[in-house]
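Which chain is which? The protein sequence lines are A and B, in order.
Taking this note's numbering, the leading residue of the first sequence gets 7, the next gets one more, and so forth.
Taking this note's numbering, the leading residue of the second sequence gets 7, the next gets one more, and so forth.
Cβ atoms here follow ideal geometry from the backbone N, Cα and C, with glycine treated the same way.
There are 2 protein chains.
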Amino acid sequence: MEYMNTASTSAPPASEPAPAQEPRWLTDDQQRVWRTYLDAVTLLEDHLDRQLQRDAGMPHIYYGLLVKLAESPRRRLRMTELAMHAKITRSRLSHAIARLEKNGWVRREDCPDDKRGQFAVLTDAGLAVLKETAPGHVEAVRQAMFDRLTGEQQKALGEIMRIVAEGLQPTEAGADLPWLR
Amino acid sequence: MEYMNTASTSAPPASEPAPAQEPRWLTDDQQRVWRTYLDAVTLLEDHLDRQLQRDAGMPHIYYGLLVKLAESPRRRLRMTELAMHAKITRSRLSHAIARLEKNGWVRREDCPDDKRGQFAVLTDAGLAVLKETAPGHVEAVRQAMFDRLTGEQQKALGEIMRIVAEGLQPTEAGADLPWLR
DNA sequence: GAGCTCTCCTTGAATTTTTAACTACTCCGA
DNA sequence: TCGGAGTAGTTAAAAATTCAAGGAGAGCTC
Numbered sequence: 007m008e009y010m011n012t013a014s015t016s017a018p019p020a021s022e023p024a025p026a027q028e029p030r031w032l033t034d035d036q037q038r039v040w041r042t043y044l045d046a047v048t049l050l051e052d053h054l055d056r057q058l059q060r061d062a063g064m065p066h067i068y069y070g071l072l073v074k075l076a077e078s079p080r081r082r083l084r085m086t087e088l089a090m091h092a093k094i095t096r097s098r099l100s101h102a103i104a105r106l107e108k109n110g111w112v113r114r115e116d117c118p119d120d121k122r123g124q125f126a127v128l129t130d131a132g133l134a135v136l137k138e139t140a141p142g143h144v145e146a147v148r149q150a151m152f153d154r155l156t157g158e159q160q161k162a163l164g165e166i167m168r169i170v171a172e173g174l175q176p177t178e179a180g181a182d183l184p185w186l187r
Numbered sequence: 007m008e009y010m011n012t013a014s015t016s017a018p019p020a021s022e023p024a025p026a027q028e029p030r031w032l033t034d035d036q037q038r039v040w041r042t043y044l045d046a047v048t049l050l051e052d053h054l055d056r057q058l059q060r061d062a063g064m065p066h067i068y069y070g071l072l073v074k075l076a077e078s079p080r081r082r083l084r085m086t087e088l089a090m091h092a093k094i095t096r097s098r099l100s101h102a103i104a105r106l107e108k109n110g111w112v113r114r115e116d117c118p119d120d121k122r123g124q125f126a127v128l129t130d131a132g133l134a135v136l137k138e139t140a141p142g143h144v145e146a147v148r149q150a151m152f153d154r155l156t157g158e159q160q161k162a163l164g165e166i167m168r169i170v171a172e173g174l175q176p177t178e179a180g181a182d183l184p185w186l187r
C-alpha cells in the first residue's frame with residue numbers, strides 16, 4: 007500500500023473517463039525526493055520562525071512583510087498588492103497588519119484615489135527593527151542553506167523553484183495582470 | 007538598504023563589539039534564489055493544504071500523520087516517534103491527534119511497556135480516507151512539481167533538500183539517537 | 001442615475017499552532 | 001528505596017490562520 011506513491015503497483019492502461027482512475031503514483035525516487043523536500047521545508051521554516059520570534063519578536067512571514075514595505079517606493083504598499091507579493095490572502099494580511107500596527111512597526115493610511123483602499127506604511131520604528139534584525143536573519147538563512155550548497159546547486163534550486171512557483175501563481179494560465187511578472 | 011541581503015553595499019570595516027560583526031549579506035543571485043524559494047514553498051504548501059482540506063477534510067500535515075501511521079508496523083507509532091518523523095512538536099501532535107481522533111481516523115492506545123507512553127493507531131476509517139484521497143493528492147503533487155521538472159532537476163532537488171534537512175535535524179552535531187538515520 | 005457587479009478590505013468565529021507549564025512515570029545512583 | 005533528574009504526553013492560554021460573510025466604494029450599462 008502506498009498513500010503517497012510508489013510506482014510499483016502494476017497496471018499501465020491509458021484511457022480514463024472520470025477524475026482519478028488508476029492513479030499515476032510517484033516513483034520510489036520521486037517519493038524520496040518529495041519526503042525529503044517536506045522535511046527540509048518544515049525544518050527550515052520552523053527554524054527561521056523561531057529565530058525571528060526570538061530576535062525580532064515576530065514570525066517569519068511578518069518579517070517578510072516589513073521587508074517588502076521597506077523596499078517599496080514610499081515605504082508603503084496597497085493592502086492587496088502587499089498580499090500578492092507575500093503570497094497570502096487579504097484576510098491574513100489584515101490580521102497581520104493589525105498586529106504589526108499594535109507593535110508600532112506599520113501604520114495604515116487611506117488611499118486618496120480610492121476610498122476603499124488602504125496603504126500599509128512602514129514606520130521608522132519598523133525600519134529600525136528591520137535594520138537591527140536583518141543581519142541575524144540573513145546569517146541564519148545563510149547557515150541553513152547557502153553555506154551548504156555549491157554555486158551550481160544554488161542555481162539549480164533557483165530554477166526549480168521558479169518553475170514550481172510559476173505553475174502555482176494564482177494568475178493561472180497567463181491571464182491578465184501583466185504586472186505579476 | 008537591504009534587509010534580506012544584497013552584497014553590494016560598501017563598507018568593509020571589520021571590528022565590532024556586539025554579536026553580529028558586519029553581516030555577510032547574500033549576493034544578488036542568492037537573494038533571488040531565496041525569494042523564489044519562499045514564493046514557491048508558500049504557494050505549494052497553500053495549494054496542497056487547500057486541496058486536502060477540500061478532498062480529505064484535513065490540512066496537509068494531518069494527512070502526513072495518517073500516511074506515517076499507515077506505513078508503520080501495526081499501523082501505530084508512539085507519540086514521540088510520530089512527532090519526530092513528522093518534524094513537529096509533541097504539543098502540536100497532541101492537538102492534531104485529538105482532532106483526528108474526533109474524526110475517528112486515529113485512536114490512542116496505552117503502551118504496555120511504559121505507562122507514560124501512548125500509541126497513535128490508524129483506524130480502518132482512517133485507512134479508508136487515505137485510500138480514497140491518496141490518488142488525488144499524489145496527482146496534485148505531481149502536477150505542481152514532478153511533472154514540471156526533468157529527472158536531473160528532481161535528482162538535484164533531492165540532494166539539495168537532503169543537505170538542508172541534515173543541517174537542521176534537531177539532533178544537531180551528530181549527537182546520539184543513531185536511529186534518526 | 002439607478003441598478004448590478006466587482007473590487008478592497010475588514011471582521012468574527014472556528015481551527016490550528018505556539019508557548020509555557022504541569023502530571024505522571026522511568027531511570028539511576030546513593 | 002529514597003530522591004533527583006530526565007522523559008512522555010497533555011493542557012490551558014495566547015497567537016496566528018482559515019473560512020465565510022459583510023460593508024462600502026468603484027465601474028459599467030442602459
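Would DSSP call residue i helix, strand or coil?
{"i": "B:Q124", "result": "strand"}
{"i": "A:D119", "result": "coil"}
{"i": "B:R105", "result": "helix"}
{"i": "B:L88", "result": "helix"}
{"i": "A:R114", "result": "strand"}
{"i": "A:L32", "result": "coil"}
{"i": "B:R41", "result": "helix"}
{"i": "A:R60", "result": "helix"}
{"i": "A:L83", "result": "strand"}
{"i": "B:T95", "result": "coil"}
{"i": "B:P65", "result": "coil"}
{"i": "A:E77", "result": "coil"}
{"i": "A:Q175", "result": "coil"}
{"i": "B:T139", "result": "helix"}
{"i": "A:L155", "result": "coil"}
{"i": "A:T48", "result": "helix"}
CB residue i to CB residue j, shorter than 7 Å?
{"i": "A:H66", "j": "A:D52", "result": "no"}
{"i": "B:W31", "j": "A:V144", "result": "yes"}
{"i": "A:A89", "j": "A:L99", "result": "yes"}
{"i": "A:D61", "j": "A:G142", "result": "yes"}
{"i": "A:A150", "j": "A:L50", "result": "yes"}
How many angstroms separate the CA atom of residue i from the CA atom of residue j?
{"i": "B:L133", "j": "A:S78", "result": "49 Å"}
{"i": "A:G123", "j": "A:R113", "result": "14 Å"}
{"i": "A:K93", "j": "B:T48", "result": "7 Å"}
{"i": "B:M167", "j": "B:K161", "result": "10 Å"}
{"i": "B:L163", "j": "B:T33", "result": "21 Å"}
{"i": "A:C117", "j": "A:Y68", "result": "22 Å"}
{"i": "A:E22", "j": "A:Q37", "result": "With a pLDDT of only 41 at A:E22, under 50, the local geometry of the prediction cannot be trusted, and no value is derived from it."}
{"i": "B:A126", "j": "A:E138", "result": "44 Å"}
{"i": "A:G109", "j": "B:A131", "result": "The sequence shown places Asn at residue 109 of chain A, not Gly. Distance between the alpha carbons of A:N109 and B:A131: 46 Å."}
{"i": "B:T95", "j": "A:D120", "result": "45 Å"}
{"i": "A:R82", "j": "A:L128", "result": "6 Å"}
{"i": "B:I169", "j": "B:E115", "result": "36 Å"}
{"i": "A:G63", "j": "A:L136", "result": "11 Å"}
{"i": "B:G173", "j": "B:R154", "result": "27 Å"}
{"i": "B:S97", "j": "A:Q59", "result": "18 Å"}
{"i": "B:P29", "j": "B:L71", "result": "39 Å"}
{"i": "B:I103", "j": "B:F152", "result": "30 Å"}
{"i": "B:E165", "j": "B:L44", "result": "18 Å"}
{"i": "B:R105", "j": "B:V73", "result": "16 Å"}
{"i": "A:W111", "j": "A:R84", "result": "16 Å"}
{"i": "B:R80", "j": "B:Q175", "result": "27 Å"}
{"i": "A:A140", "j": "A:A46", "result": "22 Å"}
{"i": "B:E87", "j": "A:Q159", "result": "32 Å"}
Please classify residue i as buried or exposed, where buried requires at least 16 neighbouring CB atoms within 10 angstroms.
{"i": "A:A171", "result": "buried"}
{"i": "A:A17", "result": "With a pLDDT of only 40 at A:A17, under the threshold of 50, the placement of this residue in the model should not be trusted; the figure read from the coordinates follows. A:A17 is exposed by the Cβ-count criterion."}
{"i": "B:H101", "result": "exposed"}
{"i": "B:D35", "result": "exposed"}
{"i": "B:T42", "result": "buried"}
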